[in-house]
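Notes for the one structure printed next.
Protein chains: 2
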Amino acid sequence: MPKKKKSTIKDIAEALGVSKSLVSFVLNGKAKEKRVSDGMAEKVLDMAKTMNYKVNYMAKSLRTGKSQTIALIIADISNPFFAKFARFLENEASKHNYKVIIANSDEKKEKFKAEIDLLRNRQVDGFILTPPIGSEKELLDLKNQKIPFVVVDRSFESVESHTVIINNYKAGYSATERLIKNNRKNIAILNVNNQLVTMQQRVEGFQDALTKNGLIVNQALIKQLQFSHDKDLIKEAIEEILTAGADGLLFTTGKLTVLGLECLKELGARIPEDISVISFDDMDAYRIAYTPISAVVQPLEDMSREAIKTLVDQIEGGQGNDPFRKIMLDVNFIYRESCI
Amino acid sequence: MPKKKKSTIKDIAEALGVSKSLVSFVLNGKAKEKRVSDGMAEKVLDMAKTMNYKVNYMAKSLRTGKSQTIALIIADISNPFFAKFARFLENEASKHNYKVIIANSDEKKEKFKAEIDLLRNRQVDGFILTPPIGSEKELLDLKNQKIPFVVVDRSFESVESHTVIINNYKAGYSATERLIKNNRKNIAILNVNNQLVTMQQRVEGFQDALTKNGLIVNQALIKQLQFSHDKDLIKEAIEEILTAGADGLLFTTGKLTVLGLECLKELGARIPEDISVISFDDMDAYRIAYTPISAVVQPLEDMSREAIKTLVDQIEGGQGNDPFRKIMLDVNFIYRESCI
DNA sequence: CCTTTGTGCTAAATCGTTTTAGCAAAGTAA
DNA sequence: TTACTTTGCTAAAACGATTTAGCACAAAGG
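Taken in sequence, the protein lines are chains A and B.
Residue numbers for the first sequence follow our numbering, so the first one is 27 and each next one is one higher.
Residue numbers for the second sequence follow our numbering, so the first one is 27 and each next one is one higher.
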């Protein structure tokens with residue numbers, strides 16, 4: 027049984043009778059640049075392998091100030107939308123040799139701030155953020171202190187930053203048109219987080235689709251909720267739109283939809299006979315729902331790739347004085363029985 | 027605009043004209059123990075606050091060998107079961123001042139090993155693992171090298187270790203009895219990962235429930251699948267059990283169930299009229315499924331708490347020569363229309 | 001008065017890297 | 001020959017903390 031004591035650069039240096047610097051140069055691929063002879067470079071590499079050398083990231087980070095770790099702060103990893111995104115993000119991050127630490131804000135700006143502070147202590151190199159309402163100040167702080175970050179899924183008008191979002195307006199517009207093509211005239215929308223520009227844009231797309239198609243916008247059919255997890259509030263809202271004669275419904279988040287579908291059933295509304303439905307975010311649940319639900323599918327993999335690329339460029343690239351990248355991606359649609 | 031330069035212990039020491047050691051003692055709560063005068067301790071704390079001092083974890087870790095970070099290696103964070111678990115785990119970890127890095131193995135032992143190696147380089151203090159089939163060697167390595175870890179959701183007979191699992195036998199037994207009480211005589215089970223003891227136990231519980239209730243065990247109704255993500259295979263298996271006259275079905279994982287429900291629908295089997303269904307793991311999807319599905323609910327929060335506690339005790343506690351803790355928790359049940 | 005004990009603090013080593021500055025030997029150019 | 005360049009390497013400082021050993025002084029005990 028080989029008693030693997032963990033070896034350090036110093037061990038390798040001593041074993042070969044050379045200096046630590048030499049070993050470090052070689053191990054970091056700077057052999058050529060630092061004019062280490064080919065023979066010596068090879069010897070170092072061999073010795074590193076036989077001694078089972080593994081770099082100590084703590085030491086490396088302390089010296090370089092880079093931890094090769096990025097933080098992802100989302101509302102809640104147990105929300106499948108974020109979980110899927112997190113998975114793609116980790117894949118992309120690992121391609122660039124970064125690890126991801128996930129933190130949950132629960133859409134509360136205090137938790138959001140607390141997590142940022144905590145993670146900064148741990149010297150993460152940058153952040154991927156879905157900032158809750160009212161967290162402009164935290165973003166400004168990061169900007170002022172030149173900490174690399176990318177905002178995804180949302181955007182703030184008052185704080186310019188690197189952003190990766192979908193075309194929410196267009197997505198809302200297209201989803202609504204689908205319901206219109208279903209011959210629906212009284213289409214409702216159920217929305218949350220309406221202080222977020224991105225969520226507003228979904229509603230704007232919805233409204234414009236109506237007017238452009240000669241339908242009137244009935245304010246009684248536009249419902250703004252405070253939370254997406256309060257079933258009673260959702261039920262109330264749905265009851266109201268049903269009473270107002272809704273025959274079509276656009277949910278703006280997946281979480282809202284899952285609870286909303288429960289409510290619709292409880293209220294005896296049949297899908298799609300009584301009301302056609304389409305939802306943002308594709309959930310597994312939609313495939314086995316009592317009526318399979320159509321969905322606006324966000325390109326999570328592309329979003330992850332762009333987010334990581336933008337972040338890594340900031341971290342490893344220049345001064346971070348590049349113009350802000352505002353990446354906007356198009357969504358896809360999956361049509362199921364809920365709006366045939 | 028306050029130009030917050032990040033301050034170090036040295037800065038505080040110089041500002042007060044004392045030594046770094048003194049400052050370190052105070053900031054680590056060792057003032058009393060190290061006989062620092064009360065007045066001085068207070069001065070240090072005040073200065074730390076006004077200078078906005080934040081500990082540098084890299085430096086601390088390098089010196090102490092502890093990173094206050096633990097690794098969670100699961101099959102896939104985008105699987106809601108693991109995502110929920112991850113969320114609870116992070117909550118528990120943060121109570122002990124640990125951050126969690128999540129890695130995905132996709133149930134492949136090579137990826138599992140690769141992630142362990144990667145994370146060990148990063149000096150994580152310990153691991154929470156759901157080891158894939160065939161990863162005994164990796165667990166043994168960790169044991170030999172005295173790296174703290176806890177196995178959750180599964181267990182290996184050949185490698186003794188700290189473990190947190192549910193009582194799989196009992197859960198399988200009870201779930202099956204529920205179907206029997208539904209007057210079902212030809213109950214089937216769909217299983218995956220049958221090389222895992224924990225999964226075998228679910229099947230054993232199933233079988234014993236049948237025999238104890240005077241039913242015969244029909245091997246044609248016991249289906250072992252290789253993967254949980256291959257819909258064609260699942261469909262084939264379900265077709266076979268339907269042909270064999272199944273009127274009850276127990277799914278052993280949530281992922282299996284979601285695909286399985288799609289198949290059942292496609293095959294025209296009505297739930298619960300033609301076949302009663304119950305599933306391990308409660309998914310959001312079950313509440314809005316075409317027939318709401320009953321579920322075996324694992325106590326994820328309790329499991330997280332026990333896992334973190336066990337791990338932290340190893341890390342911070344003694345030599346790690348304590349006897350292995352084998353924690354087994356009971357499950358809960360949620361009954362919905364799929365087996366009334 | 002001398003010795004012991006206790007109090008309050010500090011200097012310096014250490015963790016494992018990276019990186020700057022520079023040295024000695026060999027090669028090249030005049 | 002002299003002077004510059006290139007090649008191949010090293011010594012030592014630094015990153016920011018923790019921790020060990022010990023110093024100086026005061027108080028206490030005989």
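For every residue, glycine included, the Cβ atom is placed at its ideal position computed from N, Cα and C.
{"Query": "With distance defined between alpha-carbon atoms, name the residue in Ser87/A, Val357/A, Asn208/A nearest to Gln324/A.", "Result": "Val357/A"}
{"Query": "Here's a check: name, in chain order, each residue in its chain whose Cβ is nearer than 8 Å to the Cβ of Asp115/B, leaving out the five neighbours to either side.", "Result": "It should be noted that the sequence gives Leu, not Asp, for residue 115/B. If we look at Leu115/B and ignore the five residues flanking it on each side, its Cβ neighbours are Leu98, Val126, Ile154, Ser330, Ala333, Ile334."}
{"Query": "My assumption, with CB atoms under 8 Å, is that Ala39/A sits in contact with Val49/A. Please give the rounded CB distance.", "Result": "5 Å"}
{"Query": "Please name the residues in the segment 123 to 135 of chain A whose beta-carbon is closer than 8 Å to at least one beta-carbon of chain B, in chain order.", "Result": "Lys125, Val126, Ile127, Ile128, Ala129, Asn130"}
{"Query": "Which partner residues of Ala97/B appear in the DSSP bridge assignment?", "Result": "Ile127/B, Phe153/B"}
{"Query": "Around the C-beta of Glu59/A, are 16 or more other C-beta atoms found within 10 angstroms, so that it is buried, or is it exposed?", "Result": "exposed"}
{"Query": "Indicate whether at least one CB of chain B lies closer than 9 Å to the CB of Met27/A.", "Result": "For Met27/A, the predicted structure reports a pLDDT of 42, less than 50, and the residue's modelled location is therefore unreliable. A value from the coordinates is still provided. Met27/A counts as touching chain B."}
{"Query": "Find out if the Cβ-Cβ distance for the pair Ile192/B, Met354/B is shorter than 9 Å.", "Result": "yes"}
{"Query": "Drop a sphere of 10 angstroms on the beta-carbon of Val176/A, count the other beta-carbons inside from all chains shown, and report buried for 16 or more, exposed for fewer.", "Result": "buried"}
{"Query": "Applying the 10 Å Cβ sphere with the 16-neighbour rule, what's the burial state of Lys110/B?", "Result": "buried"}
{"Query": "Can you tell me whether DSSP reads Lys134/B as helix, strand or coil?", "Result": "coil"}
{"Query": "Could you have a look at Gly274/A and say whether DSSP puts it in helix, strand or coil?", "Result": "strand"}
{"Query": "Distance cutoff 9 Å, beta carbons only. Does Leu145/B sit that close to anything in chain A?", "Result": "yes"}
{"Query": "Among the candidates Leu145/A, Lys80/A, Gly43/A, whose CA atom is the shortest distance from the CA of Ser93/A?", "Result": "Leu145/A"}
{"Query": "Measuring straight from C-alpha to C-alpha, what distance separates Ile159/A and Leu222/B?", "Result": "45 Å"}
{"Query": "Suppose you measure from the CA of Ile213/B to the CA of Arg204/B; what does that come to, to the nearest Å?", "Result": "11 Å"}
{"Query": "Identify which residue in Asp234/A, Glu183/A, Asn170/A, His188/A has its Cα closest to the Cα of Gly198/A.", "Result": "Asp234/A"}
{"Query": "Closest to Glu141/B by C-alpha separation, out of Phe138/A, Tyr124/A, Lys139/A, Asp151/A, would be which residue?", "Result": "Tyr124/A"}
{"Query": "With DSSP run on the structure shown, which of helix, strand or coil describes Thr189/B?", "Result": "strand"}
{"Query": "At which residue ranges does the segment 202 to 271 of chain A contain complete beta strand (DSSP E) runs of 3 or more residues, listed in the order of the chain?", "Result": "213 to 218, 248 to 251"}
{"Query": "Does the Cβ-Cβ distance between Phe350/A and Thr189/A come in under 9 Å?", "Result": "yes"}
{"Query": "Quick one, which residues of the segment 83 to 110 of chain A are near chain B if we go by CB-CB under 7 Å, in chain order?", "Result": "Tyr83, Met84, Ala85, Ser87, Leu88, Ser93, Asp102, Ile103, Ser104, Pro106, Ala109, Lys110"}
{"Query": "So Val185/B and Leu166/B are supposed to be a Cβ contact under 8 Å. How far apart are they, rounded?", "Result": "6 Å"}
{"Query": "Are the beta-carbon atoms belonging to Leu282/B and Ser320/B less than 9 Å from one another?", "Result": "no"}
{"Query": "When you compare only the Cα positions, how much space is there between Lys121/A and Glu230/B?", "Result": "42 Å"}
{"Query": "If you count every other CB in all the chains shown that lies within 10 Å of the CB of Ser45/B, and 16 or more means buried, which is it?", "Result": "exposed"}
{"Query": "Using a Cβ-Cβ cut-off of 9 Å, state whether Ile314/B counts as contacting chain A.", "Result": "yes"}
{"Query": "For Gln324/A, decide whether its Cβ has a neighbour in chain B, counting only Cβ atoms nearer than 9 Å.", "Result": "no"}
{"Query": "State the CB to CB distance for the pair Ser302/A and Gly271/A, rounded to an integer number of angstroms; the pair is presumed to be in contact (CB under 8 Å).", "Result": "Not a contact, Cβ separation roughly 14 Å."}
{"Query": "What did DSSP end up calling Ala39/B once you bin it into helix, strand or coil?", "Result": "helix"}
{"Query": "Is it the case that the Cβ atoms of Cys365/B and Ile314/B are separated by a distance below 9 Å?", "Result": "no"}
{"Query": "Output yes or no for whether 9 Å exceeds the beta carbon distance between Asp151/B and Pro174/B.", "Result": "yes"}
{"Query": "Taking 9 Å as the threshold (C-beta atoms), are Ser63/A and Arg113/B in contact?", "Result": "no"}
{"Query": "When you compare only the Cα positions, how much space is there between Tyr312/A and Ala311/B?", "Result": "7 Å"}
{"Query": "Let me make sure I understand the geometry here. Which of Phe107/A, Leu42/A, Ala85/A has the alpha-carbon closest to that of Asp307/A?", "Result": "Phe107/A"}
{"Query": "In the DSSP assignment, what are the bridge partners of Ser320/A?", "Result": "Ile304/A"}
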